[in-house]
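A.B. asks: I'd like to ask some things about the structure below.
Number of protein chains: 2
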Amino acid sequence: MPRTRGRAPDGKWRADALSREIIVGAAIALLDELGERGLTFRLLAKQLNTGPGALYWHVTNKDELVALAADEVLGHAFTAPPPPEESAGAGLRALAIAVFDALDQHPWAASHVNAPPTLANALRLLDRIGTLVARTGLPAERHFAVSTAISYYITGVSAQIIAPRATAVAATDRDAFLAQTAEHWEKLDPADYPFLTRTTTDLRDHDDRDQFTTGLDLLLDGLNTTANP
Amino acid sequence: MPRTRGRAPDGKWRADALSREIIVGAAIALLDELGERGLTFRLLAKQLNTGPGALYWHVTNKDELVALAADEVLGHAFTAPPPPEESAGAGLRALAIAVFDALDQHPWAASHVNAPPTLANALRLLDRIGTLVARTGLPAERHFAVSTAISYYITGVSAQIIAPRATAVAATDRDAFLAQTAEHWEKLDPADYPFLTRTTTDLRDHDDRDQFTTGLDLLLDGLNTTANP
DNA sequence: CGCTTTATGGACCGATGTTCCATAAGGAGT
DNA sequence: ACTCCTTATGGAACATCGGTCCATAAAGCG
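If you read the sequences in order, they're chains A and B.
The UniProt record's numbering puts the first residue of the first sequence at 1, with every later residue one more than the last.
The UniProt record's numbering puts the first residue of the second sequence at 1, with every later residue one more than the last.
Dropping the structure here:
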């Protein structure tokens, strides 16, 4: 039995009708719970009390669905309004960390934020970065290269740090995984891997967010000295 | 008809026997030609004149196969011996660019280099970075965080820049794709996207490698000023 | 000359992304 | 009110995939 559909007289969709937004929202819930491999059109359809075919009317394929879901997650970084008065560097830092935290809460999304941006929230991210970069006093012809570089750092490094968590199961596994990796490093030949064999304790104890901010601060330091020589 | 197998008296594998290396090599060839979606155990088996089941004796599953292939590609960055005497910064820059170029020639690999490293060549990359960072005069307790940050920049930003090329088909499509994206940006509301709407020509004309080196140089600048205040 | 190990490869299973199509509910025009 | 037409819907069906199973055979070993 088909559900009610079409628009109500007030222009809004009826309560039980499907829509792109509803589908993406349900997809995010499934991705959070089961990971990318757990998201299935059949399961998603069952959650929405419909069949797989109906979903394809609103979404062209699975790739697009996941991309939309990831962009939606990226948008969580913009829920708070941008703090009005602060230095460009401080604004960039806050923005970068907001993105990292947003992706951190939905690890599957990290590897699906693509460049160059085409979806709404990815565009907003780059635009905000560009606006802040323009405030640094850097010559205008370098704005694009520097802004995209910062954008790529934020999404790319977040993906590197966060994505492994999507394949592994829970958060408690992190310690076990790091311990196992550290053990592996310890068994390497110090002649071939002089650095790794002496930094295994750092590996065990490190904080993911600190790793992200360490590189970020180096990058913004470089930006600062380049803009104000 | 099963192929000859086992080791020859000299300890080497017979010419037509399967091996992990041969399978990974054939997988790389297929990935280069058809992309990640084109790599199939059936097709790979046909290329090697065997059945899908035989491959699973040498490789546990497809994820591992792709990871091995990507690590093999990463190793292309190390074929040239490291230049002996140069500053740590110059060494890091050369290493980073070598990795970018290696991944650039096999775009599918870019999104499969994971952190923290466990496979051979990913480990070598981090170790070389760490050894170079240790030469900068940075305090030892910061070596790990800074080295991993640089490592994440190299692989993460490379993935951001290169990975889209794996989904798109050929290299000639790049101009068309950028033109289409630029057109999309031009149609945005300048009130909402002040930066993007005035940088569409930069988008059309930009060079991917320059984008990578721009951020890299900012990062290394920051490293330099931090190490030598 | 048997016995064990190391492979091999084809059949098979379950599941997935996607397409197809019969069908139904509004809206628009008359 | 009656007839199209557009917008959806949802279940069946299709092609294909990753992965498992197992009968089988070559090489090594005693």
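Beta carbons: idealized from backbone N, C-alpha and C, even for Gly.
Check the Cβ of residue 161 of chain B against every Cβ in chain A and list those closer than 7 Å, keeping chain order.
C.D. replies: Going along chain A in sequence order, the residues near residue 161 of chain B (Cβ under 7 Å) are 115, 152.
A.B. asks: Is the separation between the beta-carbon of residue 201 of chain B and that of residue 188 of chain B shorter than 7 Å?
C.D. replies: Taking 7 Å as the Cβ cut-off, residue 201 of chain B and residue 188 of chain B do not qualify as a contacting pair.
A.B. asks: Give me the Cβ distance between residue 228 of chain A and residue 137 of chain A, rounded to the nearest whole Å; I'm assuming they're in contact under 8 Å.
C.D. replies: Confirmed, Cβ separation roughly 7 Å.
A.B. asks: Distance cutoff 7 Å, beta carbons only. Does residue 66 of chain A sit that close to anything in chain B?
C.D. replies: Chain B contact via Cβ: absent.
A.B. asks: Starting from the beta carbon of residue 164 of chain B, find every residue of chain A whose beta carbon is closer than 8 Å, and list them in chain order.
C.D. replies: Per Cβ cutoff of 8 Å: 114, 115, 116.
A.B. asks: Looking at the structure shown, is residue 105 of chain A part of a helix, part of a strand, or coil, going by DSSP?
C.D. replies: Correct three-state label for residue 105 of chain A: coil.
A.B. asks: Evaluate residue 56 of chain A with the Cβ neighbour count: other Cβ atoms within 10 Å of its Cβ, from every protein chain shown; 16 or more gives buried, anything less gives exposed.
C.D. replies: It counts as exposed.
A.B. asks: How about residue 214 of chain B and residue 140 of chain A: are their beta carbons less than 7 Å apart?
C.D. replies: Their beta carbons are not under 7 Å apart, which means residue 214 of chain B does not touch residue 140 of chain A by this criterion.
A.B. asks: Thinking residue 121 of chain B and residue 74 of chain B are a contact (beta carbons under 8 Å), I'd like their distance in whole angstroms, please.
C.D. replies: Confirmed, Cβ separation roughly 4 Å.
A.B. asks: By the three-class DSSP mapping on this structure, what secondary structure does residue 205 of chain B have?
C.D. replies: Correct three-state label for residue 205 of chain B: helix.
A.B. asks: Helix, strand or coil for residue 49 of chain A? Go by DSSP, reduced to three states.
C.D. replies: Residue state, collapsed to three classes: coil.
A.B. asks: Am I right that residue 48 of chain B and residue 68 of chain B are in contact with their C-beta atoms under 8 Å? What's the rounded C-beta distance?
C.D. replies: Between residue 68 of chain B and residue 48 of chain B the Cβ distance is about 15 Å, and since that is not below 8 Å, they are no contact.
A.B. asks: Would the beta-carbon of residue 126 of chain A fall within 7 Å of that of residue 151 of chain A?
C.D. replies: Cβ distance < 7 Å, so residue 126 of chain A and residue 151 of chain A count as in contact.
A.B. asks: According to DSSP, is residue 89 of chain A helix, strand or coil?
C.D. replies: Helix, per DSSP.
A.B. asks: Tell me, to the nearest whole angstrom, how far the beta carbon of residue 103 of chain A is from that of residue 110 of chain A; I am working on the premise that it is less than 8 Å.
C.D. replies: Right, their Cβ atoms sit about 5 Å apart.
A.B. asks: Any beta carbon from chain A within less than 7 Å of residue 41 of chain B's own beta carbon?
C.D. replies: Judged by the 7 Å Cβ criterion, residue 41 of chain B is not in contact with chain A.
A.B. asks: At the 7 Å Cβ level, is residue 91 of chain B part of the contact set with chain A, yes or no?
C.D. replies: Chain A, which has no Cβ nearer than 7 Å to the Cβ of residue 91 of chain B, makes this no.
A.B. asks: Is there a Cβ of chain A sitting closer than 7 Å to that of residue 100 of chain B, yes or no?
C.D. replies: It does not; no Cβ of chain A falls within 7 Å.
A.B. asks: Going along the chain, which residues of the segment 190–210 of chain B sit with their C-beta nearer than 7 Å to a C-beta in chain A?
C.D. replies: Hits within the stretch, in order: 193, 194, 195, 196, 199, 202, 203, 206, 210.
A.B. asks: Got a sec? Which residues, its chain only, sit under 6 Å from residue 163 of chain B by beta carbon, not counting five neighbours each side?
C.D. replies: So the qualifying residues of the chain are 110, 111.
A.B. asks: I'd like the span of the alpha helix (DSSP H) that includes residue 153 of chain B, first residue to last.
C.D. replies: From DSSP, the alpha helix (DSSP H) with residue 153 of chain B extends over 143–162.
A.B. asks: Quick one, which residues of the UniProt domain "HTH tetR-type" (17–77) of chain B are near chain A if we go by CB-CB under 9 Å, in chain order?
C.D. replies: Here the close residues are 63.
A.B. asks: Going along chain A in order, which residues have a C-beta closer than 7 Å to the C-beta of residue 137 of chain B?
C.D. replies: Chain A residues near residue 137 of chain B: none, gap ~15 Å exceeds 7 Å.
A.B. asks: Along chain B, in chain order, which residues have C-beta atoms closer than 7 Å to that of residue 126 of chain A?
C.D. replies: Near residue 126 of chain A (Cβ distances below 7 Å), the residues of chain B are 196.
A.B. asks: Any beta carbon of chain B sitting closer than 7 Å to that of residue 175 of chain A?
C.D. replies: Chain B, which has no Cβ nearer than 7 Å to the Cβ of residue 175 of chain A, makes this no.
A.B. asks: Candidates A/84, A/107, A/114, A/41: which alpha carbon is nearest residue 181 of chain B's?
C.D. replies: For the residues A/84, A/107, A/114, A/41, the minimum Cα distance to residue 181 of chain B belongs to A/114.
A.B. asks: Quick one: what does DSSP say residue 212 of chain B is sitting in, helix, strand or coil?
C.D. replies: Helix, per DSSP.
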